[in-house]
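Novice: Line by line, the protein sequences are chains A and B.
With the working numbering applied, the first sequence corresponds to residues 140 to 251, in that order.
With the working numbering applied, the second sequence corresponds to residues -9 to 103, in that order.
All C-beta atoms in this analysis are idealised placements derived from N, C-alpha and C, irrespective of residue type, glycine included.
Before I ask anything, here is the structure I am working with.
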Amino acid sequence: DTGVSQDPRHKITKRGQNVTFRCDPISEHNRLYWYRQTLGQGPEFLTYFQNEAQLEKSRLLSDRFSAERPKGSFSTLEIQRTEQGDSAMYLCASSPQDRVEYFGPGTRLTVT
Amino acid sequence: KQEVTQIPAALSVPEGENLVLNCSFTDSAIYNLQWFRQDPGKGLTSLLLIQSSQREQTSGRLNASLDKSSGRSTLYIAASQPGDSATYLCAVLIYNQGGKLIFGQGTELSVKP
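As structure tokens, this is what we get:
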């Protein structure tokens, strides 16, 4: 296992469409995090899972956003009815309990 | 609420210079502090992690210091090279907040040959 992977790497969509991103964490990492990064800013926390339980959600995560980690392994982040303000890099990270987070390469979303 | 600030926002130096990047945080109750590197359009690479009980960490030409009481950290890069050009982000991990990182906005470094 070479690290955290994310798919797709780039996504261009039209406003109003739904998109789904996937994150595959490092095997046996029980924590998985989603962050959003806009141009020129640092990443901002969105949500995290411990195994399959979603333990915290940021107020940034509007009701158009939903994240799942059904079997405690990979995770998906879905954005419904995309808006131009959703354009950003979506980063996934995983970690063993209370340890260093390892980041994936990110998914760059562009909403036109 | 924890806030992390990085100064300067951008820095351009000639090759070979030693340089310091600054990071400040408002709440000293941190678990650890990390410095990351991010190349354009890419994910984050962890450079150095300093536990709250530590004062500094070193890796090659990089040295990071932590002063919890004053809410400051510095990243020192010795003998800078063009390959060091990237955005450098610091992030703090808050106790009992599930391990989520609070990031600064980053310093964009350009090292000119």
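#1: Measuring alpha carbon to alpha carbon, tell me which residue in K210(A), E222(A), K150(A) and D202(A) is nearest Q189(A).
#2: So which of H149(A), I151(A) and I218(A) has the shortest CA-CA distance to S201(A)?
#3: Who are the neighbours of S234(A) on chain B, taking C-beta pairs under 7 Å?
#4: Mind reading off the beta-carbon distance from L149(A) to R247(A)? Whole number of angstroms is fine, and I expect it under 8 Å.
#5: What are the residues of the segment 15 to 45 of chain B that lie near chain D, defined by any Cβ-Cβ distance shorter than 9 Å?
#6: Against Q95(B), what residues of chain A qualify as contacts under a CB-to-CB distance less than 9 Å, listed in chain order?
#7: Which runs of the beta strand (DSSP E) at least 3 residues long sit entirely within the segment 36 to 85 of chain B? Give them in chain order.
#8: Is the segment 22 to 39 of chain B touching the segment 238 to 247 of chain A, taking contact as three or more C-beta pairs under 8 Å?
#9: Taking only three categories from DSSP, how would you classify Q236(A)?
#10: Using a Cβ-Cβ cut-off of less than 8 Å, list which residues of the segment 53 to 80 of chain B approach chain A; keep chain order.
#11: Going straight from the alpha carbon of D17(B) to that of W25(B), what length do you get?
#12: What residues from chain B crowd round L230(A), counting only those whose CB sits closer than 9 Å?
#13: Step through the CB atoms of chain B and report whether any lies within less than 8 Å of the CB of R198(A).
#14: Starting from R208(A) and walking both ways along the beta strand (DSSP E), at which residues does that stretch end?
#15: Shortest alpha-carbon distance to T(-5)(B) belongs to which of E5(B), S70(B), G94(B) and A19(B)?
#16: Please return the same chain residues whose Cβ sits closer than 6 Å to the Cβ of A0(B), not counting the five positions on each side in sequence.
#17: Would you verify that the beta carbon of V250(A) is, or is not, closer than 8 Å to some beta carbon of chain B?
#18: Between which two residues does the beta strand (DSSP E) containing Q(-4)(B) stretch?
#19: From S70(B) to I84(B), what distance separates their C-alpha atoms?
#20: Assuming L216(A) and P182(A) make a contact with CB atoms under 8 Å, what is their CB distance in whole Å?
#21: Can you give the Cα-Cα distance for A232(A) and R175(A), rounded to whole angstroms?
#22: Can you list, in chain order, the residues of its chain whose CB lies under 7 Å from that of S55(B), leaving out five sequence neighbours each side?
#23: Within 8 Å of any Cβ in chain B, is that where the Cβ of G243(A) sits?
Specialist: So, to answer that:
#1: K210(A)
#2: I218(A)
#3: Neighbours of S234(A) on chain B, chain order: G89.
#4: Reading the sequence as shown, one finds His at residue 149(A) and not Leu. That pair is a contact at about 5 Å.
#5: In summary, chain D is missing from the structure at hand, where the protein chains are A and B.
#6: Simply G179, Q180 and G181.
#7: 46 to 49, 52 to 57, 62 to 67 and 76 to 84
#8: Judged by pairs of C-beta atoms under 8 Å, the segment 22 to 39 of chain B touches the segment 238 to 247 of chain A, as three or more such pairs exist.
#9: In the structure shown, Q236(A) adopts coil according to DSSP, grouped into three states.
#10: L79
#11: 17 Å
#12: G33 and L34
#13: no
#14: Run containing R208(A): none; DSSP gives neither H nor E here.
#15: G94(B)
#16: In its chain, beyond the 5 residues on either side, E98 have a beta carbon closer than 6 Å to the beta carbon of A0(B).
#17: no
#18: From DSSP, the beta strand (DSSP E) with Q(-4)(B) extends over V(-6) to I(-3).
#19: 31 Å
#20: Wrong, their Cβ atoms sit about 14 Å apart, outside the cutoff.
#21: If you take the alpha carbons of A232(A) and R175(A), they lie about 11 Å apart.
#22: R45, E46, S63 and T64
#23: yes
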